[in-house]
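Numbering (the numbering used here), first residue to last: 653 to 977. Note that CB positions come from ideal geometry on N, CA and C, so glycine has one too. Keep in mind it's a predicted model, so treat the numbers as computed, not measured.
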Amino acid sequence: MSKIQSVVRGVGGYLPERVITNDELSKTVDTSDEWIVQRTGIRERHVAAEGEMTSDLALHASRIALDNAGLTPADIDLIVVGTTTPDRTFPATAALLQHKLGITHGVAFDVQAVCSGFVFAVATADGYLKGKMAKRALVVGAETASRLLDWNDRTTCVLFGDGAGAMILEAREVPDDAPENGVLVSSLRTDGSHWDKLYVDGGVSATGTIGHLRMEGKEVFKHAVGMISDVIEDVLEKTGKTTADLDWFVPHQANKRIIDGAGKKLGIPEEKTIVTVDRHANTSAASVPLALWVASEDGRIKSGDLVMIEAMGGGFTWGAALIRW
Numbered sequence: 653m654s655k656i657q658s659v660v661r662g663v664g665g666y667l668p669e670r671v672i673t674n675d676e677l678s679k680t681v682d683t684s685d686e687w688i689v690q691r692t693g694i695r696e697r698h699v700a701a702e703g704e705m706t707s708d709l710a711l712h713a714s715r716i717a718l719d720n721a722g723l724t725p726a727d728i729d730l731i732v733v734g735t736t737t738p739d740r741t742f743p744a745t746a747a748l749l750q751h752k753l754g755i756t757h758g759v760a761f762d763v764q765a766v767c768s769g770f771v772f773a774v775a776t777a778d779g780y781l782k783g784k785m786a787k788r789a790l791v792v793g794a795e796t797a798s799r800l801l802d803w804n805d806r807t808t809c810v811l812f813g814d815g816a817g818a819m820i821l822e823a824r825e826v827p828d829d830a831p832e833n834g835v836l837v838s839s840l841r842t843d844g845s846h847w848d849k850l851y852v853d854g855g856v857s858a859t860g861t862i863g864h865l866r867m868e869g870k871e872v873f874k875h876a877v878g879m880i881s882d883v884i885e886d887v888l889e890k891t892g893k894t895t896a897d898l899d900w901f902v903p904h905q906a907n908k909r910i911i912d913g914a915g916k917k918l919g920i921p922e923e924k925t926i927v928t929v930d931r932h933a934n935t936s937a938a939s940v941p942l943a944l945w946v947a948s949e950d951g952r953i954k955s956g957d958l959v960m961i962e963a964m965g966g967g968f969t970w971g972a973a974l975i976r977w
């Protein structure tokens, strides 16, 4: 007997050239570098250039992931893009990315779970691969969150940035008793009763406008640690693992205080936690793959490591996945 494993072949990331520091923001809204760092851990964020779209960021990250995997676009037959800032209402940003990569086969579609988008996309691609509906998946989290911000609202404009991250997953058929590898288990949740705590006040059907991001920060913070812990504990229970077994914890990069709170509750030491929020702020669906890329590039995450990823976003949505690298 045999089984299918969704194995990680490579990761990539991209941040736009334009950098906005906390000091620069303090000149346009009532804030300061000290205030932002103390409450969020954020020091700077990247913003896409005029005419630079979400699919463009995704393209840069995807090419790096493909190079790191030793693959070409022709090797990909599934593209899943997690984004809440698509280039257009339709077609899907994944379809536009597919076209920019020169791929004319396979399937490409978007997943909309806001900041949880990449985790949801990983779980979706894993299901496709293990269901033998695809052989190699390009899984992307990409956002131009800056286009949703009210730059006069100091409670939100300091928190978000633009970027993209990508991962290549490959289906491998192995004997049933083969060592664990790739995506082991995912756990996903949604509770729409919290929709008005983190949302955009525009939309095609509601207003016919793009709108701006609105957030009740204290309410989001209040729920975040518990929801994150919920799905992580579920994944650990399903795999028979404990937090002590983890080599790396790669959380959604939204707020350093939330990251610290979740780590403390779960008993995950800081030295096992990947933190990149200081250098790119909350890039929504892009934050987890960006952190994976950084930690892979600098040699922290290595083959054989046990890696936990998690995220929480508007909806509320939240999810986690355990990956044997």
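- Phe812: not part of any alpha helix (DSSP H); DSSP gives it neither H nor E.
- As the crow flies, the alpha-carbon of Gly966 is around 9 Å from that of Val872.
- In this structure, Ser714 lies away from Val771, with their beta-carbon atoms at least 9 Å apart.
- When C-alpha distances from Asp957 are compared across Ala963, Ser948, Met964, the shortest belongs to Ser948.
- The straight-line gap separating the alpha-carbon atoms of Thr706 and Arg931 is approximately 19 Å.
- Under DSSP, Asp762 takes part in a beta bridge, and its partners are Val733.
- Pairing Cys767 with Met960 gives a Cβ-Cβ distance that is not under 9 Å.
- By the Cβ rule, the segment 683 to 693 does not count as touching the segment 751 to 769, because fewer than three pairs are nearer than 8 Å.
- The C-alpha of Glu923 lies about 43 Å from the C-alpha of Thr756.
- Pro827 carries a strand assignment under DSSP once its states are collapsed to helix, strand and coil.
- Taking C-beta atoms as the reference points, Val826 and Ala973 fail to come closer than 9 Å.
- Between Pro903 and Ala938, the CB-CB gap reaches or exceeds 9 Å.
- The shortest C-alpha to C-alpha distance from Thr861 to any of Ile716, Thr741, Thr680 is the one to Thr741.
- Ranked by Cα distance from Ala906, the options Thr894, Pro921, Ala933 are led by Ala933.
- Secondary structure of Ser857 (DSSP, three-state): coil.
- The distance from the Cβ of Gly834 to that of Arg670 is about 36 Å, inconsistent with a contact at the 8 Å cut-off.
- Shown here for Val877: same chain residues with a beta carbon closer than 7 Å to its own, the five before and five after excluded, namely Ile910, Gly913, Ala914, Lys917 in chain order.
- Look at Gln905 here: in three-state DSSP terms it is coil, with no helix or strand label.
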